[in-house]
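Report on the structure given below.
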Amino acid sequence: MSTSFTLALARDALKAKKISSKELTQSFVTAIEQGRPLNAYVTETPEKALAMASASDAKLAKGEGGALEGLPLAIKDLFCTKGTLTTAGSNILGNFVPPYESTVTQNLWNAGAVMLGKTNMDEFAMGSSNETSVHGPVFNPWRARNSNANLVPGGSSGGSSAAVAADLCLAATGTDTGGSIRQPAAVTGTVGLKPTYGRCSRWGIVAFASSLDQAGPMTKTVRDAAILLGSMASVDPKDSTSVDVPVPDYEKLLEGGIKGLKVGIPREYRMDGAPPEIAALWDKGADWLKAQGAEIIEVSLPHTKYALPTYYIVAPAECSSNLARYDGVRFGRRAPNARDITDLYEKSRVAGFGAEVQRRILIGTYVLSSGYYDAYYARAQKLRTLIARDFTQAYEKCDVLLTPATPGPAFPVGDKSDDPVAMYLNDVFTVTVNLAGLPGLAVPAGLSETGLPLGLQLIGKAFDEATVLRAGLAIEQAAGFTHKPANWWKV
Amino acid sequence: MSVDKDTVRRIAKLARLAVPDENLAPMADALNGIFNWVEMLNEVNVEGVPAMTSVVAQKLKWRADVVTDGGNAEALMANAPDHEGTFFVVPKVVE
Chain B
-2 MSTSFTLALA RDALKAKKIS SKELTQSFVT AIEQGRPLNA YVTETPEKAL
48 AMASASDAKL AKGEGGALEG LPLAIKDLFC TKGTLTTAGS NILGNFVPPY
98 ESTVTQNLWN AGAVMLGKTN MDEFAMGSSN ETSVHGPVFN PWRARNSNAN
148 LVPGGSSGGS SAAVAADLCL AATGTDTGGS IRQPAAVTGT VGLKPTYGRC
198 SRWGIVAFAS SLDQAGPMTK TVRDAAILLG SMASVDPKDS TSVDVPVPDY
248 EKLLEGGIKG LKVGIPREYR MDGAPPEIAA LWDKGADWLK AQGAEIIEVS
298 LPHTKYALPT YYIVAPAECS SNLARYDGVR FGRRAPNARD ITDLYEKSRV
348 AGFGAEVQRR ILIGTYVLSS GYYDAYYARA QKLRTLIARD FTQAYEKCDV
398 LLTPATPGPA FPVGDKSDDP VAMYLNDVFT VTVNLAGLPG LAVPAGLSET
448 GLPLGLQLIG KAFDEATVLR AGLAIEQAAG FTHKPANWWK V
Chain A
185 MSVDKDTVRR IAKLARLAVP DENLAPMADA LNGIFNWVEM LNEVNVEGVP
235 AMTSVVAQKL KWRADVVTDG GNAEALMANA PDHEGTFFVV PKVVE
């Protein structure tokens, strides 16, 4: 059986009893084995998947079952899964088997979904290329025209983006702290949605930067993103930042079109030195929305250029605090031959964390340290207020914003791994959204000159995922993006 | 502001990372690259701007001060690198 179903089509075929979850799941198990050269999965759970599929088939036979009954999904290895290894892409958590389940994944299992396995990711979600993973890089299923060079799948949710693009799952979960759902989605021709901060519970997700982290769906279509978000999102008493807003029927809210929708084009996103094909695609996107009845309005987000440096103070500060828990005592790896307790901490941490994570812990420790706090951290928190205020002012004039998703297509493995700032610039269009806590959606919109996918981003008001998805659907329909990567990885 | 080897050594100590001596200078270079780029934030006048404390307008939630979970000592020990019964084992702390 083909694994190229969308989530919606597989759901409808299961409900109509045209296929069984067991057959569907078995096809994915085989596709995952054949897809191992991509290194998208770090843990495959075929037995668990087939057992879950059988249970779903029993429910479906009786006409029962939840919104995702029998649908096989991939889970980013940042979500704690009870009884299944969870590494966060790090050596320090190398053998960690959680005794509990994250709220988001529990919501998915409650809705009937099937777990295929855990996907690769940048270590502790710190990266934009999936190259900082202790499990090695993931290869993008896409290659440039007339080239055999391996490209990155974006990051940090690179295993999830590659798995969705290569049809190694129906859909996947991701998390997004500065662009880690949207950037990998954009460079793999898939759809990625970062919901409003507080929409999905953070409970049981390995923490990176708690005021920015948010889980979201990574899918083949905008409709699939609406379906998956509907099950991932909840109000959770276990997460004090989970916001008490009812979860609407996002799929139903896709209907209605965009006539009269006011779409803002932020002029500061036209960056010097950006490739002309990015600007051209952006213009095309605005024309598509206009042709469907939207009104295009130029707006200003004056503090845009300060978003990335602000992020690289706030995120490392929170990371240095969150990662203090990895001490080699209660879980994770412990370095041998420690002289005393301090030596145990210091040796376990330096052996367990990779280079990028250590760099961010040190930046965070520095900007929070006595004498530097006001100059760095306190200033960055003020900048964050200004960045969020830019959006509030823009939304006085428009309902949703349209921007590019990334500054370019997927780049070769190894290309930017020696230059942290060049790597950070991948998130230039996505990071503002995390700092302001808003929902953002990446939708595939076309191919680059080299034949690689490019995406556009829609940014909405807080808790207005419905409008973001509706505008995303309009882009998707106009773009008619049906390209698929050539299957070169099959062993 | 520039970060030198000694500063890296000091913050590594605060962060409980035993960064080897030969890595201190390269780490200082990497951090300086990032801090030089971050310097652009000084262009912005932040006089009178409140620091962001919460990204969504929400009152921090309250809950009843009661036990909601617990009694899972065995499950928690399952991932311990070293333990005796339900105690974590660490190198001697008090001589």
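Protein sequences, first through last, are from chains B and A.
Each residue of the first sequence is one higher than the last, beginning at -2 in this note's numbering.
Each residue of the second sequence is one higher than the last, beginning at 185 in this note's numbering.
Quick reminder that beta carbons are idealized off the backbone N, C-alpha and C, glycines included.
Could you tell me if residue i is buried or exposed, where buried requires 16 or more neighbouring beta carbons within 10 angstroms of its beta carbon?
i	result
Phe271(A)	exposed
Leu225(A)	buried
Gln474(B)	exposed
Trp485(B)	exposed
Pro436(B)	buried
Asp9(B)	exposed
Pro181(B)	buried
Pro134(B)	buried
Glu315(B)	buried
Val203(B)	buried
Pro275(A)	exposed
Val192(A)	buried
Thr237(A)	exposed
His480(B)	exposed
Please determine, among the options, the residue with the shortest C-alpha to C-alpha distance to residue i.
i	options	result
Gln390(B)	Gly469(B), Thr307(B), His300(B), Leu453(B)	His300(B)
Ser130(B)	Asp371(B), Glu66(B), Val149(B)	Val149(B)
Phe136(B)	Gly155(B), Asn143(B), Gly124(B)	Gly155(B)
Pro214(B)	Gly86(B), Thr447(B), Ala230(B), Leu320(B)	Ala230(B)
Lys19(B)	Leu82(B), Tyr97(B), Met112(B)	Met112(B)
Val184(B)	Gly257(B), Pro234(B), Ser157(B), Ala71(B)	Ser157(B)
Ala483(B)	Ala13(B), Val26(B), Ala141(B), Ala37(B)	Ala141(B)
Ala459(B)	Ala146(B), Pro192(B), Ile294(B)	Pro192(B)
Gln211(B)	Leu286(B), Gly195(B), Thr78(B), Ile224(B)	Gly195(B)
Val244(B)	Asn147(B), Pro313(B), Leu226(B)	Leu226(B)
Val222(A)	His480(B), Leu422(B), Ala332(B)	Leu422(B)
Tyr373(B)	Pro313(B), Phe328(B), Arg336(B), Ser297(B)	Pro313(B)
Ala439(B)	Ser51(B), Gly457(B), Tyr247(B)	Gly457(B)
Arg330(B)	Leu90(B), Pro95(B), Thr174(B)	Leu90(B)
Lys429(B)	Ser445(B), Val101(B), Leu455(B), Pro417(B)	A small fix is needed here, since residue 429(B) is Thr in this sequence, not Lys. Out of Ser445(B), Val101(B), Leu455(B), Pro417(B), Leu455(B) has the C-alpha closest to the C-alpha of Thr429(B).
Quick one: is residue i near chain B, going by C-beta distance under 9 Å?
i	result
Thr237(A)	yes
Thr270(A)	no
Val251(A)	no
Ala262(A)	yes
Lys245(A)	yes
Gly255(A)	no
Lys276(A)	yes
Asp266(A)	yes
Ala214(A)	yes
Ala209(A)	no
Strictly under 9 Å for the Cβ-Cβ distance: is residue i near chain A by that measure?
i	result
Ile338(B)	yes
Tyr309(B)	yes
Val240(B)	yes
His300(B)	yes
Asn423(B)	no
Leu209(B)	yes
Leu251(B)	no
Gly195(B)	yes
Arg376(B)	yes
Asp74(B)	no
Gln474(B)	no
Pro404(B)	no
I'd like the list of long-range same chain contacts for residue i, defined as Cβ closer than 8 Å, with 5 residues on each side in sequence excluded.
i	result
Ala352(B)	Thr129
Lys302(B)	Glu265
Gln378(B)	Val311
Glu292(B)	Gly257, Leu258, Lys259, Val260
Arg357(B)	Met123, Ala312, Pro313, Cys316, Ser317
Glu258(A)	Thr270
Given residue i, which residues of its chain have a CB within under 7 Å of its CB, disregarding the five upstream and five downstream residues?
i	result
Ala433(B)	Ile384, Ala385, Phe388
Ser186(A)	Asn216
Val273(A)	Asp266, His267
Asn104(B)	Ser228, Met229, Ser231
Glu98(B)	Cys77, Thr78, Lys79, Gly201
Relative to the ligand GTP, is the shortest distance from any of its heavy atoms to the C-beta of residue i smaller than 8 Å?
i	result
Ser198(B)	In the structure shown, the ligand GTP is absent, as is every other ligand, since no ligand is present at all.
Please list, in chain order, all residues of the same chain as residue i whose beta carbon is under 6 Å from its beta carbon, the five residues on each side excluded.
i	result
Asp324(B)	Tyr342
Can you pull the chain D neighbours of residue i, defined as C-beta to C-beta under 9 Å?
i	result
Glu120(B)	No chain D appears in this structure, whose protein chains are B and A.
Segment contact flag, the stretch 361 to 375 of chain B with the stretch 254 to 268 of chain B, C-beta cutoff 8 Å, min 3 pairs:
no
Flag this pair as touching only if the stretch 78 to 93 of chain B and the stretch 113 to 126 of chain B have three or more C-beta atom pairs under 8 Å; answer yes or no. Enough Cβ pairs lie closer than 8 Å, so yes.
Could you tell me whether the stretch 71 to 83 of chain B touches the stretch 162 to 169 of chain B, using the rule of 3 or more Cβ pairs below 8 Å? yes
Closer than 8 Å is the cut-off here; do at least three beta carbon pairs connect the stretch 45 to 63 of chain B with the stretch 206 to 213 of chain A?
no
Contact between the stretch 277 to 287 of chain B and the stretch 245 to 253 of chain B: three or more CB pairs below 8 Å?
-> no
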